[in-house]
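Engineer: Residues -25 to -1, 1 to 513 (mature numbering (1 follows the signal peptide of the UniProt record, and there is no 0)) make up the sequence shown, in order. The following block contains the structure, expressed as structure tokens.
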Amino acid sequence: MGRVAVLHFLLGILALSSIFEVLHAESPYRYYDWEVTYGTISPLGVPQRGILINGQFPGPAVECDTNDNVIITIKNSLDEPFLMTWNGIWQRKMSWQDGVLGTNCPIPPHSNWTFKMQAKDQIGTYMYFPSTSLHRLAGGFGAFNIHKRSVIALPYFEPAGEFTLLVGDWHNTDHKELQQMLDSGSDMPMPDGLLINGDPSNSVFTGEAEKTYLFRVANVGTMTTINIRIQGHMMKLVEVEGSHVLQEIYESLDVHPGQSLAFLVTLHGSAKDYYIVASTRFARTAIEATAILRYNGSNVDASHPLPVGPTYQVHWSMKQARTFRWNLTANAARPNPQGSYRYGGIQITRTLVLENTVGEVDGKLRYGVNNVSYNNPDTPIKLADYYNIPGVYNLNTSRDKPTPGPMVSGTAVYDIALHDFAEIIFQNNETTTQSWHLDGHNFFVVAFGANQWSPEMRIKYNMVDAVWRNTVQVYRNSWTAILVSLDNKGMWNLRSAIWHRQYLGQQVYLRVWNDETSLFTESEIPPNALKCGKAAKF
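What follows is the structure, given as structure tokens:
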């Protein structure tokens, strides 16, 4: 072989090697360094103590692509322990990074800890927020948006741009004062107002006429369902918590606490300003916040009247929720059809009927699930499970169905076999709409119904194209049914997204487990894991 031939051969090997390395290269890393501090903010015109991230309220957005490795180091400069949770980020095989007190020791004051996670097989609109105490009511929340990789097609034309709207209720009362009220046995007062990106009226989103934009909306509030609408414009819903949905057109959309979605808006009007309106739901007197959709070059202010939205009508909201359907012809996070997961043909192996309940324990107001009000032990139950520490929780505390009698305290943990396909019924016999979130998994929302659930209601389930999401509303005096493949091993929090109810005990944990020790099913404990309580000695 001549020198030229040898050179060509070596160059060919080198090229193939480079291609091989590209194809098998590790997913990109994105690094964030956050300092959590107190600062004075005045979102509703009243100076108060807020929680800032790198001096910002709301916190900085996390923007990444699916499968990216996201490394976030949090320095806790508060005067008390702190944790951040990643609402809707699956944490595949990694409940160690979930950021709730059942899985993580909190970050002590004036110290730091690094979360290491991968946005594995996800595309969509999510959020993060503090999970400790009532920190969430002081701020510390932000957007977590996961974009597609270049090889993945969208089921709609690429928009000209994106806007993120963090909508939520807000209290002017200091979060520690609110916490003292709850600890003393009082209930949470109603919010004082609504915010859009931390402001009740001054956020502006600018676009070009005749172009289409993607609006990402997340309800970062703590107790209020919010309706969103845009003056003079229709909204085409395209995504709900990471699932592409059938692209129906809406005048307005309800977003319940902890939920997120995305819709397309085409700027087809005249070049001026238009109001974006967020208002509270299920109350005869609504609280509103506004923002501005501005056409580039506009010199005409938005004008009243504001677009009118629904107020207290529950049936209207339930009918809208039933129109949210999975897009079975669209790609998911990987370039394969979502519809390949035919959940309707999977046998249910476990049924839980979970009723949100309210009562008193030791003379103080508590919320619970099936009359068990959750108490956070000093030792995270994930650590207790890993180190076989007795006395931290008892699997017999949890109840599979509503149980009459007084409210009791306990650390409710449900023992679930890995790969169980569970039916979970959320029963709500109260006069307020509830919202529930499951960490580490998405689930199929197969039915909403009025009054009491019974097994005969299964005939009404959508077993074909129910939307796949992580947070679901349960209307007053109603029930909601979900189906979930519990295929993510770990200790996972199932909680009320109404945050004061979660704080006062309306949460449980699902111990999704098998006795096989394998990195294919669960990652090892992180080398930087914090140890506290009875686990401090390990």
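Where a beta carbon is used, it is the ideal one built from N, C-alpha and C, also for glycine. In this text, all values refer to a predicted model and were calculated from it rather than measured experimentally.
When the Cβ atoms of the segment 409 to 417 are set against those of the segment 454 to 473, are three or more pairs found closer than 8 Å?
Structural biologist: Output reads yes: the segment 454 to 473 touches the segment 409 to 417.
Engineer: Express the C-alpha separation of T199 and R300 in angstroms, rounding to a whole number.
Structural biologist: The alpha-carbon atoms of R300 and T199 are separated by roughly 24 Å.
Engineer: Rounded to whole angstroms, what is the Cα-Cα separation between T326 and I434?
Structural biologist: The straight-line gap from Cα to Cα measures roughly 16 Å.
Engineer: What separation, rounded to the nearest whole angstrom, lies between the Cα atoms of F513 and A359?
Structural biologist: Cα-Cα distance, rounded: 11 Å.
Engineer: With distances taken from CA atoms, which of W145, N404, R67 is nearest Q23?
Structural biologist: Nearest C-alpha to Q23: W145.
Engineer: Where does the unbroken beta strand (DSSP E) through H150 begin, and where does it stop?
Structural biologist: Unbroken run through H150 is the alpha helix (DSSP H), 150 to 158; no beta strand (DSSP E).
Engineer: Use the C-beta contact count for V(-4): other C-beta atoms within 10 angstroms, 16 or more gives buried, fewer gives exposed.
Structural biologist: The predicted position of V(-4) is uncertain, since its pLDDT is 38 and thus under 50; no value can be drawn from it.
Engineer: Which residues in the same chain have their Cβ closer than 6 Å to the Cβ of F90, if we skip the five residues on either side of it in sequence?
Structural biologist: If we look at F90 and ignore the five residues flanking it on each side, its Cβ neighbours are I47, Q72.
Engineer: Determine the direct distance from the alpha carbon of F132 to that of W474, and round the result to whole angstroms.
Structural biologist: Roughly 37 Å between the two C-alpha positions.
Engineer: To test your reading of the DSSP string, which unbroken beta strand (DSSP E) runs of 3 or more residues are found completely within the segment 272 to 354?
Structural biologist: Here the runs fully enclosed are 325 to 336, 339 to 344, 347 to 349.
Engineer: Within 10 angstroms of the Cβ of Q481, are there 16 or more other Cβ atoms? Answer buried if so, exposed if not.
Structural biologist: So Q481 ends up on the buried side.
Engineer: My output table needs one value for K376: the three-state DSSP class, helix, strand or coil.
Structural biologist: Looking at K376 - three-state DSSP - the assignment turns out to be coil, as it is neither helix nor strand.
Engineer: Determine the direct distance from the alpha carbon of N147 to that of G196, and round the result to whole angstroms.
Structural biologist: Computed Cα separation, rounded: 13 Å.
Engineer: Nearest to A36 by CA position, among F418, P379, F104, is which residue?
Structural biologist: When each option's Cα is compared against that of A36, the closest is F104.
Engineer: Measure the alpha-carbon distance for T496 versus D490 and round it to whole angstroms.
Structural biologist: One C-alpha to the other measures close to 11 Å.
Engineer: Could you name the residues of the same chain whose beta carbon sits closer than 7 Å to that of R341, not counting the 5 residues immediately before and after it, in chain order?
Structural biologist: So the qualifying residues of the chain are G334, E335, S348, M382, L479, G480.
Engineer: Please report the distance separating the alpha-carbon of N369 from that of V283.
Structural biologist: Rounded to whole angstroms, N369 to V283 spans 50 Å at the Cα level.
Engineer: Using C-beta distances below 6 Å, list every residue in its chain close to H150, excluding the 5 sequence neighbours before and after it, in chain order.
Structural biologist: Excluding sequence neighbours, H150 sits near L109, L112, A113.
Engineer: Look at the Cβ atom of T100, then the Cβ atom of S218, and state whether they are nearer than 8 Å.
Structural biologist: Contact flag unset, no.
Engineer: When we look at the beta-carbon of K294 and count the other beta-carbons within 10 Å, is it buried (16 or more) or exposed?
Structural biologist: The residue in question, K294, is exposed, as its Cβ has fewer than 16 Cβ neighbours within 10 Å.
Engineer: Start and end of the alpha helix (DSSP H) containing A359?
Structural biologist: Taken as a continuous stretch (DSSP letters only), the alpha helix (DSSP H) holding A359 covers 356 to 361.
Engineer: My guess is that T455 and F423 are in contact by the Cβ rule of under 8 Å, so how many angstroms apart are they, rounded?
Structural biologist: With 8 Å as the limit, T455 and F423 qualify as a contact, their Cβ atoms being about 5 Å apart.
Engineer: Would you kindly check if the distance between the Cβ of N62 and the Cβ of L143 is under 8 Å?
Structural biologist: Reading off the sequence, residue 143 comes out as Gly, not Leu. Not closer than 8 Å, so no.
Engineer: Quick check on the burial criterion: 16 or more other C-beta atoms within 10 angstroms. Buried or exposed for P486?
Structural biologist: Per the sequence shown, the amino acid found at residue 486 is Arg instead of Pro. Buried.
Engineer: Just tell me which of D40, T15, W65, Y13 has its CA closest to the CA of residue 515.
Structural biologist: Since the displayed the chain opens at -25 and closes at 513, residue 515 lies outside it and no answer follows.
Engineer: Run the CB neighbour count on A425, radius 10 Å, all protein chains shown included, and call it buried at 16 or more, exposed below.
Structural biologist: A425 should be labelled exposed.
Engineer: Can you tell me where the beta strand (DSSP E) holding residue 528 begins and where it ends?
Structural biologist: With the chain covering -25 to 513 only, the question about residue 528 has no answer from this structure.
Engineer: Under the three-state reduction of DSSP, which class applies to E431: helix, strand or coil?
Structural biologist: DSSP places E431 in helix when its eight states are reduced to three.
Engineer: Kindly list the residues whose CB is nearer than 7 Å to the CB of K162, restricted to its own chain and excluding five residues on each side of it in sequence; keep chain order.
Structural biologist: The amino acid occupying residue 162 in the given sequence is Asp; Lys does not appear at that position. If we look at D162 and ignore the five residues flanking it on each side, its Cβ neighbours are L340.
Engineer: Pick from Y318, I203, F257: whose alpha carbon is nearest that of L268?
Structural biologist: Selected option, being the one with the closest Cα: I203.
Engineer: For N87, which residues from the same chain have a beta carbon less than 8 Å from its beta carbon, with the 5 sequence-adjacent residues on both sides left out?
Structural biologist: Same-chain partners within the cutoff: T48, I49, K50, N51.
Engineer: In three-state DSSP terms, what is A135?
Structural biologist: Three-state result, A135: coil.
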